[in-house]
Each structure stands twice: as C-alpha cells, then as structure tokens.
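In what follows, a single structure is set out as structure tokens and then discussed.
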Amino acid sequence: MRTLFKGGTIVSAGGGRRADLAVEGEKIIAVGRGLTGEFDRIMDVSGCLLFPGFIDAHTHFDLDVANTTTADDFFTGSRAALRGGTTTVIDFACPNKGESLHYGLDLWHQKADGRTFCDYGFHMTIDDWNESIRAELPDMFAQGISSFKMYLTYPAMMTSDKEIYFALKDLRRLGGVCGFHCENAGVIDALIAERKAAGELSPASHPLTRPAYLEAEAVSRLLRIAQAAACPVIIVHLTNEDALDEVARARKRGQSVYVETCPQYLLLDESVYFQEDYSAAARYVCAPPIRDKSQQDVLWRGLRRGTIQTISTDHCSFTLAQKDMGRSDFTKIPGGLPGVETRGELIYSFGVAKRRISLGRMCLALAENPAKLYGLFPRKGTLRPGSDADIVVYDPGASHVIQASDCAANVDYNPYEGFVTAGGIRQVWLRGALAVENGTVLDEAPRGQYLARGKCSL
Ligand code: MN
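Going by my numbering, the first residue of the sequence shown is number 4, and it counts up by one from there.
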C-alpha cells in the first residue's frame with residue numbers, strides 16, 4: 004500500500020515546510036515538493052501540519068501505587084495516547100525492592116504485550132543495588148532497555164547516594180542513561196510530620212510539604228554525584244527555576260544533563276491545591292507538586308532556549324474515587340495525573356499558538372529529542388525516508404474544549420477541563436496505517452509493537 008500526503012506542512016526541528024510525504028507499507032519513502040508516482044491513496048492534507056508521531060517517555064500504566072492500581076492499564080492508556088497523537092510510549096518497568104530486573108521486565112511485558120495500541124518500550128527502575136542487580140544490567144541492554152530510573156525520595160524506591168554513584172558508573176560503562184526523581188526525602192518527611200501533628204491534613208498541605216527548594220536540593224546533590232561518576236543524567240519532571248539553576252551550574256562545569264518537564268507544570272499553578280472542596284484539590288496531587296504561577300514562564304523559557312529538552316506527561320491516573328483515599332490524610336492520596344491524551348494539543352495551543360515556543364521546539368520536545376535521548380532515532384521522532392510512518396495530521400483551524408467526558412483515558416476527570424484548544428488532531432497514523440480519525444480510534448485491536456531501543460544519541 005502506497006499513500007501520498009499532499010499539500011501539508013512537514014514539521015521538524017527546523018520548523019514547518021511545505022512538502023508532500025510518501026509512505027509505503029510501514030515506512031516513509033519520500034518527502035519533497037510535488038511528489039509523483041503510483042499511489043493507492045492520496046490524502047489531501049492542505050492546511051494541516053504533519054508532525055512525527057509524538058513520543059511520551061514518561062507514563063505509568065498498570066502500576067500498583069499506595070494500595071491501589073492506576074486507573075489506566077496498557078489497553079486504556081495506550082488507546083488514549085494514540086488518540087492524542089502519541090504513537091510511542093516509554094513506560095517504567097518497576098520491580099519492587101528484592102525483585103530482580105528480569106522479573107520486572109517480564110512482568111511489564113505481561114502487562115503490555117498484545118494489549119497496547121501504540122508502540123512501546125520500557126525504562127527499567129533500579130530501586131535496589133547489589134551484585135545480582137548489577138549482573139543483570141548487560142542483559143537489560145540486550146533486551147532493548149537502554150534507560151533507567153532511580154529515586155531520591157520515596158522509601159519504597161529510593162537508594163543511597165553511594166548506590167547511585169555505583170549504579171551511574173556501571174551505566175556509564177554500558178552506555179546507558181538514567182532519569183532521576185529529585186526531591187529531598189528527609190526534610191519532606193519532617194515537614195509532613197509537622198503538618199500532621201498540627202492536624203493540617205487537607206490537600207493544601209501537599210505542596211507546602213514539598214517546596215521547590217527541596218526539589219532543587221535533590222537536583223544539586225544528584226548532579227554532584229553524577230559529577231563524581233562522570234555520567235550523563237536526566238532530571239525527570241523538573242518544575243522550577245531553582246532546580247533549573249542547578250542544572251545550569253552543572254552544565255557550566257561541563258556535565259551532560261538532560262531535562263524533562265510536563266504539561267501540568269507549564270499550564271497549571273499551585274492554587275489548584277488551595278480549593279475548599281477536597282475532591283477538586285486532591286485530583287491534582289502529584290509529586291513534585293504543581294508550583295506557583297511564576298514557574299510557568301521559567302519552564303517555557305527553558306524550552307525556548309533548549310535548556311529543557313523534552314516534555315513528557317508522567318501520566319499516572321486515578322479516578323476521583325481512588326483520590327478519595329486521602330480524605331482524612333493528604334499523604335494517602337494516590338499521586339499522579341492523567342495527561343497522555345492531551346499533551347500534543349495542549350502544547351500546540353498554549354505553546355506554539357501563544358508564541359511561547361516555536362513549532363520546531365515543540366517538535367523537538369515531543370518527538371525528536373525523546374527519540375534521540377532514548378535510542379529510537381531515526382526510526383521514530385522524525386518524518387524522513389526510512390523512518391516509521393507515524394504521523395500526526397494536525398488541523399490548526401479546528402478548535403475544541405477539553406472535557407473528561409470526551410476522553411478515552413479511564414478517568415472521570417481531566418486536569419485541563421474547559422481548556423479551549425487552538426487546532427486539533429485530525430488523524431493519527433501508526434506505521435503507515437490510519438489509527439485515529441477525528442477523535443475516533445479506528446483500531447479495534449491493539450497492534451502496538453515492543454521497541455527494543457538502542458543507545459542515546461542526543
Ligand atoms: Mn513518574
């Protein structure tokens with residue numbers, strides 16, 4: 004099957020340019036003006052932007068958290084992703100402490116294989132460090148896992164500075180990259196204990212016990228450990244200026260540091276936690292928390308300047324009934340927001356259309372940079388001959404109101420309820436086949452493939 008996309012604007016890191024795009028089977032075979040030849044289908048995409056399929060490198064599907072399980076599993080979560088133009092997700096395989104990396108990888112394959120609508124890969128969480136975990140690392144690479152995740156907070160996940168140092172040295176030797184959740188653990192615990200003792204148990208206590216400077220402290224410490232290990236690192240879900248300043252200092256020293264942020268930190272502010280109604284506030288609980296409004300501009304500026312490379316969602320969804328678990332204690336609210344479905348339209352509408360970032364920067368943050376960082380480039384993340392024909396056809400003239408009731412994710416609220424988009428996704432193509440049209444997922448059965456990833460090329 005040969006398909007010609009005619010009259011559209013092809014988006015790349017350099018911005019948009021008018022060109023036709025030809026697809027044969029699952030691959031792009033040509034991009035250029037006035038393409039001719041024999042085609043089975045000609046799609047008129049004049050007036051539309053064609054993006055490389057978006058990559059969401061930070062999702063949590065089918066994850067057990069705080070005595071419950073995320074509302075979205077791979078089936079519902081990946082369907083929502085695809086509907087929002089995300090043709091690849093990289094989820095976090097999470098073995099518990101005491102379990103092997105292989106156990107975690109097998110478990111994540113069981114959760115995802117045959118149940119995922121978009122293509123997918125896994126990062127491997129390292130929440131334990133010992134000789135047997137160490138010995139498993141080379142085989143992780145052989146199985147297509149080239150990126151890892153470690154935590155500087157959460158007792159169930161965190162490792163010591165010493166363990167992080169040793170893990171980074173091994174990952175450097177093996178050519179891997181590691182993302183870090185950076186928040187100080189001890190002081191946050193102390194602040195939580197103080198608020199609990201004072202009987203201040205509402206969601207308003209959540210941001211007050213996890214201030215921006217305690218994220219910056221962890222970023223600073225992690226970057227010094229990475230300096231000692233001489234290993235590049237990724238700061239995931241960075242939220243604020245103090246933390247970004249620490250990154251700038253490390254870069255000035257010559258360190259390689261990659262930074263991810265998320266739509267909730269770009270578009271929402273901490274006032275969401277100070278609403279009277281419990282449910283209205285609890286739905287926004289995530290860590291790190293959403294910050295004060297002044298941080299939004301800091302993060303947009305970081306994207307504009309390229310000091311922040313990627314936007315992922317940290318999609319970790321819970322229903323309002325699940326969020327109710329913390330009614331009498333904010334620390335029992337399962338943390339996380341849905342977002343995998345709305346990232347593309349939100350970043351276009353509030354980034355590109357509002358002139359906060361260019362079209363090229365959006366393409367970098369949602370597609371090209373994650374593809375390079377996580378070893379998928381140039382198969383994914385770009386529209387060029389030889390790449391997978393993962394294509395988002397975006398109509399900048401369309402517009403709609405974001406509503407949970409319209410969404411495919413298995414959640415009964417949307418953090419961006421009522422936001423009006425500038426433009427909308429008309430079609431999503433996954434490896435050369437039309438998968439979504441005007442909001443309807445056409446694929447009845449999941450056909451996402453596991454992606455064995457190579458090494459970082461960013
Ligand atoms: Mn996360």
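Yeah, the Cβ is synthetic: ideal placement off N, Cα and C, and Gly gets one too.
Cβ pair residue i, residue j closer than 8 Å
{"i": "PRO337", "j": "ALA412", "result": "no"}
{"i": "ASP391", "j": "GLU27", "result": "no"}
{"i": "CYS185", "j": "VAL222", "result": "yes"}
{"i": "THR128", "j": "GLY107", "result": "yes"}
{"i": "SER149", "j": "GLY451", "result": "no"}
{"i": "ILE428", "j": "GLU348", "result": "yes"}
{"i": "LEU362", "j": "GLY19", "result": "yes"}
{"i": "ARG456", "j": "GLY124", "result": "yes"}
{"i": "LEU270", "j": "GLU249", "result": "no"}
{"i": "CYS234", "j": "ARG175", "result": "yes"}
{"i": "ALA188", "j": "THR212", "result": "no"}
{"i": "ALA229", "j": "VAL236", "result": "yes"}
{"i": "THR89", "j": "VAL343", "result": "yes"}
{"i": "ARG118", "j": "PHE183", "result": "no"}
{"i": "LEU85", "j": "PHE54", "result": "no"}
{"i": "ALA285", "j": "LYS255", "result": "no"}
{"i": "HIS63", "j": "CYS410", "result": "no"}
{"i": "PRO266", "j": "ARG346", "result": "yes"}
{"i": "PRO399", "j": "TYR287", "result": "no"}
{"i": "ASP47", "j": "GLY10", "result": "yes"}
{"i": "SER315", "j": "THR424", "result": "no"}
{"i": "GLU220", "j": "ASN243", "result": "no"}
{"i": "ALA232", "j": "TYR168", "result": "yes"}
Rounded C-alpha distance that separates residue i from residue j
{"i": "ILE32", "j": "THR91", "result": "20 Å"}
{"i": "LEU306", "j": "ILE360", "result": "7 Å"}
{"i": "TYR261", "j": "ASP43", "result": "42 Å"}
{"i": "PRO458", "j": "ASP317", "result": "According to the sequence shown, residue 458 is Lys rather than Pro. Distance between the alpha carbons of LYS458 and ASP317 is about 22 Å."}
{"i": "VAL239", "j": "GLY442", "result": "30 Å"}
{"i": "GLY435", "j": "GLY56", "result": "11 Å"}
{"i": "CYS289", "j": "THR6", "result": "43 Å"}
{"i": "HIS112", "j": "LYS383", "result": "21 Å"}
{"i": "PRO141", "j": "THR12", "result": "42 Å"}
{"i": "LEU104", "j": "ILE136", "result": "7 Å"}
{"i": "TRP303", "j": "ALA251", "result": "16 Å"}
{"i": "ASP310", "j": "GLU41", "result": "The sequence given here has Thr at residue 310, not Asp. In a straight line, the C-alpha of THR310 is about 44 Å away from that of GLU41."}
{"i": "GLY329", "j": "LYS335", "result": "4 Å"}
{"i": "GLN299", "j": "ALA407", "result": "24 Å"}
{"i": "SER49", "j": "LEU376", "result": "32 Å"}
{"i": "GLN278", "j": "ALA207", "result": "8 Å"}
{"i": "ARG308", "j": "SER331", "result": "43 Å"}
{"i": "GLN146", "j": "GLN258", "result": "28 Å"}
{"i": "ASP393", "j": "ALA60", "result": "16 Å"}
{"i": "VAL463", "j": "THR162", "result": "Residue 463 lies beyond the range of the chain shown here (4 to 461); nothing can be said about it."}
Check: residue i C-beta below 7 Å from any heavy atom of ligand 1
{"i": "ASP75", "result": "no"}
{"i": "HIS61", "result": "yes"}
{"i": "CYS185", "result": "no"}
{"i": "CYS97", "result": "no"}
{"i": "CYS181", "result": "no"}
{"i": "ASP317", "result": "yes"}
Cβ distance (whole Å) where residue i is taken to contact residue j below 8 Å
{"i": "GLU273", "j": "LEU241", "result": "At roughly 16 Å, the Cβ-Cβ gap does not stay under 8 Å, so GLU273 and LEU241 are not in contact."}
{"i": "PHE144", "j": "HIS126", "result": "Wrong, their Cβ atoms sit about 13 Å apart, outside the cutoff."}
{"i": "ILE405", "j": "GLY426", "result": "Contact flag wrong, Cβ pair sits at about 13 Å."}
{"i": "VAL14", "j": "CYS366", "result": "5 Å"}
{"i": "ALA204", "j": "PHE333", "result": "The question names Ala, but residue 204 in the sequence shown is Leu. Yes, LEU204 and PHE333 are in contact; Cβ-Cβ is about 6 Å, under 8 Å."}
{"i": "ASP192", "j": "MET160", "result": "Incorrect: roughly 14 Å between the Cβ atoms, too far for contact."}
{"i": "THR313", "j": "PRO381", "result": "Contact flag wrong, Cβ pair sits at about 17 Å."}
Any non-hydrogen atom of ligand 3 closer than 7 Å to residue i Cβ
{"i": "THR62", "result": "Because ligand 3 does not appear in the structure shown, any question about it cannot be addressed here, the ligands present being ligand 1."}
- Item | Every unbroken beta strand (DSSP E) within the stretch 383-431, with a cutoff of 3 residues, ordered by chain | Complete beta strand (DSSP E) runs here, min 3: 394-398.
- Unbroken alpha helix (DSSP H) runs of length 4 or more, entirely within the stretch 324-372: which are they? List check, alpha helix (DSSP H) in window: 346-350, 362-366.
- At 3 residues or longer, and completely inside the stretch 79-123: list those beta strand (DSSP E) runs for me, N to C. Whole beta strand (DSSP E) segments, 3+ residues: 89-96.
- Query: In the stretch 178-205, which residue ranges form an unbroken beta strand (DSSP E) of at least 3 residues, counting only runs that do not cross its ends?
  - Reply: 180-184
- Quick one: complete alpha helix (DSSP H) runs, 4+ long, within the stretch 241-292? 244-255, 266-270, 281-285
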